[in-house]
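For what it's worth, this note's numbering labels the leading residue of the sequence shown as 2, then goes sequentially.
The beta carbon of each residue, even a glycine, is placed where N, CA and C say it ideally should be.
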Amino acid sequence: MMGWRARTWRATFKSVLRNGLIEFAPHLALRFWTLSNPELGRAGENLSARALRRAGWRILGRRMTTPHGEVDLVMAGAGQLVCVEVKAGRVRHWPVTDGRVPADWNPLGRPGRRMDRNRLCAQQRASHWLARRMEAGRLEGGRVDLVELLLDSHGSRHALVHHARCLTPLGEGPENSSPTRAQSPIHPDSTRIRYRT
Numbered sequence: 002m003m004g005w006r007a008r009t010w011r012a013t014f015k016s017v018l019r020n021g022l023i024e025f026a027p028h029l030a031l032r033f034w035t036l037s038n039p040e041l042g043r044a045g046e047n048l049s050a051r052a053l054r055r056a057g058w059r060i061l062g063r064r065m066t067t068p069h070g071e072v073d074l075v076m077a078g079a080g081q082l083v084c085v086e087v088k089a090g091r092v093r094h095w096p097v098t099d100g101r102v103p104a105d106w107n108p109l110g111r112p113g114r115r116m117d118r119n120r121l122c123a124q125q126r127a128s129h130w131l132a133r134r135m136e137a138g139r140l141e142g143g144r145v146d147l148v149e150l151l152l153d154s155h156g157s158r159h160a161l162v163h164h165a166r167c168l169t170p171l172g173e174g175p176e177n178s179s180p181t182r183a184q185s186p187i188h189p190d191s192t193r194i195r196y197r198t
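Structure below.
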């Protein structure tokens, strides 16, 4: 039988291990643990930041608070300041085939659909506000990108989907032919950054 000190130490160790994996090895945390929604969001932010940094972007800040709301990731790339909103969620039916998410895949449970018009406008205002105050005004602001972390219901697979230059929320208008959704400058295929099995 364990004493209270051993139980306390064990719980502390588990918590430190769990938080460390979410921060430094989020793909392992996704694979081996069932994460709560806040933990899933943090893992999505960490995976997104790593993928964008590998693609040549510079991280200026994480979870930055502005008068217009919180920004998940503030990145710099190609002379622009980009506010990246990360939405993570579990999906019932795995949409990824051959490493790609179909352009017409748009179920109600899609994580990116939680970014509505009001949130998108607030992110654009935050991007302009940050561009005026960061990097001594050298970066152009106003760009908002959306990154979705799709996790299958078993937690064994995940994919990051990058939507560059979001001007309308997901589900409003045709996704494939809309001029408001530009191809991602960090990856030639805007439907995928990284895919793991």
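Quiz prompt | One or two residues paired with ARG144 in a DSSP bridge | solution = Indexing the sequence shown from 1 puts residue 144 at position 143. In the DSSP assignment, ARG144 is bridged to VAL83.
Exercise. Would you mind stating whether GLY70 and ALA123 have Cβ atoms separated by less than 8 Å?
Key: The residue given as residue 70 occupies position 69 in the sequence shown. The residue given as residue 123 occupies position 122 in the sequence shown. Between GLY70 and ALA123, the C-beta gap is smaller than 8 Å, which places the two residues in contact.
Quiz prompt | Residues that LEU152 bridges to, as DSSP identifies them | solution = To locate residue 152, count along the sequence shown from 1; it is residue 151. Partner(s): ARG91 and HIS159.
Practice problem: Please list, in chain order, all residues of the same chain as GLY80 whose beta carbon is under 7 Å from its beta carbon, the five residues on each side excluded. | Solution: The residue given as residue 80 occupies position 79 in the sequence shown. Cβ within range, chain order: LEU140 and GLU141.
Quiz item: Starting from LEU61 and walking both ways along the beta strand (DSSP E), at which residues does that stretch end?
Solution: Your numbering for residue 61 matches position 60 in the sequence shown. Counted as a single uninterrupted DSSP element, the beta strand (DSSP E) harbouring LEU61 occupies residues 59-67.
Quiz item: CA-CA distance, ARG114 and ARG6?
Solution: For the purposes of this step, residue 114 is taken as residue 113 along the sequence shown, with counting starting at 1. For the purposes of this step, residue 6 is taken as residue 5 along the sequence shown, with counting starting at 1. Their Cα atoms are separated by approximately 45 Å.
Practice problem: Could you tell me the boundaries of the beta strand (DSSP E) in which GLY78 lies? | Solution: Here the question's residue 78 lines up with position 77 in the sequence shown. Here the beta strand (DSSP E) through GLY78 covers 70-78.
Quiz item: Taking DSSP as the reference, what is the three-state secondary structure of ALA56?
Solution: Translated into positions along the sequence shown, residue 56 becomes position 55. For ALA56, the secondary structure class from DSSP, reduced to helix, strand or coil, is coil.
Self-check item: Three-state secondary structure (DSSP) of ALA132
Solution: Against the sequence shown, residue 132 aligns to sequence position 131. The answer is helix: DSSP assigns ALA132 an H, G or I state.
Practice problem: Name, in chain order, the residues that DSSP records as bridge partners for HIS28. | Solution: Taking the sequence shown and counting its residues from 1, the one referred to as residue 28 is at position 27. Answer is none; HIS28 lacks a bridge partner.
Exercise. Thinking SER128 and LEU82 are a contact (beta carbons under 8 Å), I'd like their distance in whole angstroms, please.
Key: Looking up residue 128 in the sequence shown gives position 127. Looking up residue 82 in the sequence shown gives position 81. The beta-carbon separation of SER128 and LEU82, rounded to 6 Å, stays under the 8 Å limit for a contact.
Self-check item: Backbone secondary structure at THR13 - three-state DSSP
Solution: Taking the first residue of the sequence shown as 1, we reach residue 13 at position 12. Reduced to three states, the DSSP call for THR13 is helix.
Quiz item: Are three or more beta carbon pairs between the region 59-66 and the region 26-41 nearer than 8 Å?
Solution: Contact check between the region 59-66 and the region 26-41: fewer than three CB pairs, one atom from each, fall below 8 Å, which does not count as touching.
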